[in-house]
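For the numbering used here, add 13 to where a residue sits in the sequence shown, where the first one is 1.
These notes concern the structure reproduced below.
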Amino acid sequence: MPIERNELRRVMGHFATGVTVITTVSKSGTPYGLTANAFTSVSLEPPLLLIAVDKKAESYPFFNESKVFTVNILSDEQESLSRKFAVSGGDKFQGVAYRMGANGAPILEGALAYLECKLFAAYDGGDHTLFLGEIEQAETRELKPLLFYRGGYRSISG
Ligand SMILES: Cc1cc2nc3c(=O)[nH]c(=O)nc-3n(C[C@H](O)[C@H](O)[C@H](O)COP(=O)(O)O)c2cc1C
14 MPIERNELRR VMGHFATGVT VITTVSKSGT PYGLTANAFT SVSLEPPLLL
64 IAVDKKAESY PFFNESKVFT VNILSDEQES LSRKFAVSGG DKFQGVAYRM
114 GANGAPILEG ALAYLECKLF AAYDGGDHTL FLGEIEQAET RELKPLLFYR
164 GGYRSISG
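Written out as structure tokens, the structure is:
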């Protein structure tokens, strides 16, 4: 018997992660984004990363439409941004400082790091789609990361 959904959430919550906002863009240039922690490095040659996006997310169709996305790794000063981008729909970029990157997807100001990608491959992942992105540009800043553990936001004390 497969594990029950809430129990799966509870157990997976024991894996401490960083927090990202993954951004993309529609054909008409409207920015989209969602908070995500299903993110991992995959390959160095070629440089690939993986994200998992809920097929029911409002931003979902625009990953396939634009074939570009950017992973913005949040700093511990961006918890409110994480909360904002975790609410589905609406204009989440209202009042948010960002610029369009070289790939056309938004880069959030104040992020700890960002990785600009073009879509490399997409795989079915149950109620999510696994998107592999080929990393074209990336940058970091000297800030502390925002962490997520057992359903709550944390930061590194040391
Ligand atoms: C800490 C955290 C991590 C999340 N990770 C993911 C994720 O990896 N993939 C995903 O599809 N949704 C994830 N979500 C949920 C989305 O942020 C949420 O469903 C959002 O409302 C989707 O936005 P949209 O419908 O406007 O696209 C996460 C939420 C939080 C708070």
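The beta carbon of each residue, even a glycine, is placed where N, CA and C say it ideally should be.
All figures in this text were calculated on a predicted structure; none of them were measured in a lab.
Annotation note: the region 32-73 contains no uninterrupted alpha helix (DSSP H) run of length 4 or greater. Counting along the chain, the unbroken beta strand (DSSP E) around Leu128 starts and ends at Ala126 to Gly138. If you compare the alpha carbons of Glu90, Val55, Val34 and Ser54 with that of Tyr45, the shortest gap goes to Val34. 7 angstroms or more divides the Cβ of Val66 from the Cβ of Gly117. Checking the DSSP bridge columns, you'll see Ile169 has no partner listed.
Shortest gap from the CB of Thr37 to any heavy atom of ligand 1: 6 angstroms or more. Beta-carbon to beta-carbon, Val109 and Leu94 are separated by about 7 angstroms, close enough to satisfy the 8 angstroms threshold.
In terms of side-chain proximity, the C-beta atom of Ala70 is found nearer than 6 angstroms to a non-hydrogen atom of ligand 1. When DSSP states are grouped into helix, strand and coil, Phe98 belongs to the helix group.
Here the alpha carbon of Leu62 sits roughly 24 angstroms from the alpha carbon of Glu90.
Taking C-beta separations shorter than 8 angstroms and ignoring five residues to either side along the sequence, the partners of Thr142 in its chain run Ala65, Val66, Lys68, Tyr73, Phe76, Ala135 and Tyr136, following chain order. Remark: the shortest separation between the CB of Ser88 and any heavy atom of ligand 1 does not fall under 6 angstroms.
In the displayed model, Asn19 falls within a helix according to three-state DSSP.
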